[in-house]
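Going by this note's numbering, 253 is the number at position 41 of the sequence shown; the sequence numbering is gapless. Read through the structure below, which is laid out as C-alpha cells, and then see the notes.
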Amino acid sequence: MKIEHFSMGPIAANCYVLLDEASGEAAVIDPGACEQPLIDYLHSGAVKKVRYILLTHGHYDHLMGVADVKAITGAPVYIHPGDAACLTDESESLADTHLPGQQNVVTPDGFLEEGMELPLGELTIRVLHTPGHSRGGVCFVVGDVIFSGDTLFRHTCGRTDLPGGDYATLMHSLERLTELSGDYQVYPGHNRATTLAHERTHNRYLRKKNLDQSLFDF
Ligand SMILES: [Zn+2]
Ligand SMILES: [Zn+2]
C-alpha cells in the first residue's frame, strides 16, 4: 500500500491517492481540485488504473476536482447518499458561497454505505459512516490506515455548524473511531496526518470518553 498526498484547492484540502502497488490499482480520495501534480502522478506509470474516486463527504473543498479527475481517468465516483446532492447542487456543497458557478455537475456512479467493502487490488477499503460534520460523512479504513475526512483532525474534529452538521452525532462518530482496536495512521481532510493512539490521548473530543472510563476505573 502506498499513499500519495496532494494539498489542493482554495482552502488546501487533502487529497490522497491510495495505490495497491501489486496491481497498480488506485483510489483517488477527495479531489478538491485537479491540479498538475495530481495529474502528473496519475500519469506517472505507478498508477495503472484508477478504480474509484471516493468522497469522504460532499463539501466543495473536497469535490471541486471530481469532474476533471473523472474525465481523465474514467473512474466511477462514490459518495454516501446523505451527501449525494452535493455533487449536483452547489448550494449543497457550499460552492455557491465560496466558488459560485465553478462546480461541474457530476452524477454519482455508486453509493457508499456503512460496512461496505471495496476491493482495490490486494487491499480492501472498508466504509464507516461517520455523520456529524455532514449527513453523509464517511471514513475509509484500509489496513492500519484511516482516511478521516472532516470527521477527525489532528487535535480537533470537524465543525458541526454547517447544514447537516450535528454535534452529538459527530461525538458518536468519533466514539466509534476511538473504539477501533489497536492503532491506525490517520489521514485527515485538512492539516497534517496523525495516529489514532495520539488522538486518543491528545484530542479532547476523543479523550472525553477515556476520562469517563478512567473515572470508572477508580
Ligand atoms: Zn467539510
Ligand atoms: Zn473540508
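We treat Cβ as the ideally placed atom computed from N, Cα and C, and that holds for glycine.
Cβ of residue i within 7 Å of any heavy atom in ligand 2?
i, result
"Gly344", "no"
"Ala225", "yes"
"Gly294", "no"
"His384", "no"
"Gly377", "no"
"Gly327", "no"
"Gly348", "no"
Flag this pair as yes or no: are the beta carbons of residue i and residue j separated by less than 8 Å?
i, j, result
"Val318", "Lys261", "no"
"Gly401", "Thr268", "yes"
"Ile251", "Ala287", "no"
"Leu389", "Ser346", "no"
"Gly333", "Ala405", "no"
"Gly221", "Asp280", "no"
"Glu325", "Thr336", "no"
"Thr342", "Thr363", "yes"
"Gly344", "Leu382", "yes"
"Tyr399", "Ser360", "yes"
Can you determine whether any heavy atom of ligand 1 sits closer than 7 Å to the C-beta of residue i, and answer yes or no?
i, result
"His271", "yes"
"Asp356", "no"
"Gly257", "no"
"Gly322", "no"
Using C-beta distances below 6 Å, list every residue in its chain close to residue i, excluding the 5 sequence neighbours before and after it, in chain order.
i, result
"Val229", "Glu216, Ala238 and Val240"
"Ala296", "Pro320"
"Asn415", "His367"
Quick check: what's the CA-CA separation for residue i versus residue j?
i, j, result
"Asn226", "Met276", "12 Å"
"Thr300", "His271", "12 Å"
"Arg419", "Leu386", "10 Å"
"Tyr396", "His367", "15 Å"
"Pro243", "Pro331", "20 Å"
"Tyr350", "Ser219", "The question names Tyr, but residue 350 in the sequence shown is Val. Rounded to the nearest angstrom, the two C-alpha atoms are 20 Å apart."
"Thr413", "Tyr253", "35 Å"
"Glu411", "Phe365", "9 Å"
"Val357", "Asn316", "31 Å"
"Thr285", "Arg263", "9 Å"
CB of residue i to nearest heavy atom of ligand 4: below 7 Å?
i, result
"Asp362", "With respect to ligand 4, the structure offers nothing, as its ligand set consists of ligand 1 and ligand 2."
Less than 7 Å between C-beta atoms, sequence neighbours within five positions excluded: which residues of the same chain meet that for residue i?
i, result
"Ile223", "Asp273"
Those runs of the beta strand (DSSP E) which lie wholly inside the stretch 327-397 and span at least 3 residues: Taking 3 residues as the shortest admissible run, the stretch 327-397 contains the following complete beta strand (DSSP E) segments, listed from N- to C-terminal end: 329-332, 335-341, 350-354 and 357-361.
Residue ranges of each beta strand (DSSP E) within the stretch 266-328, 3 or longer: Listed in chain order, they are 289-291.
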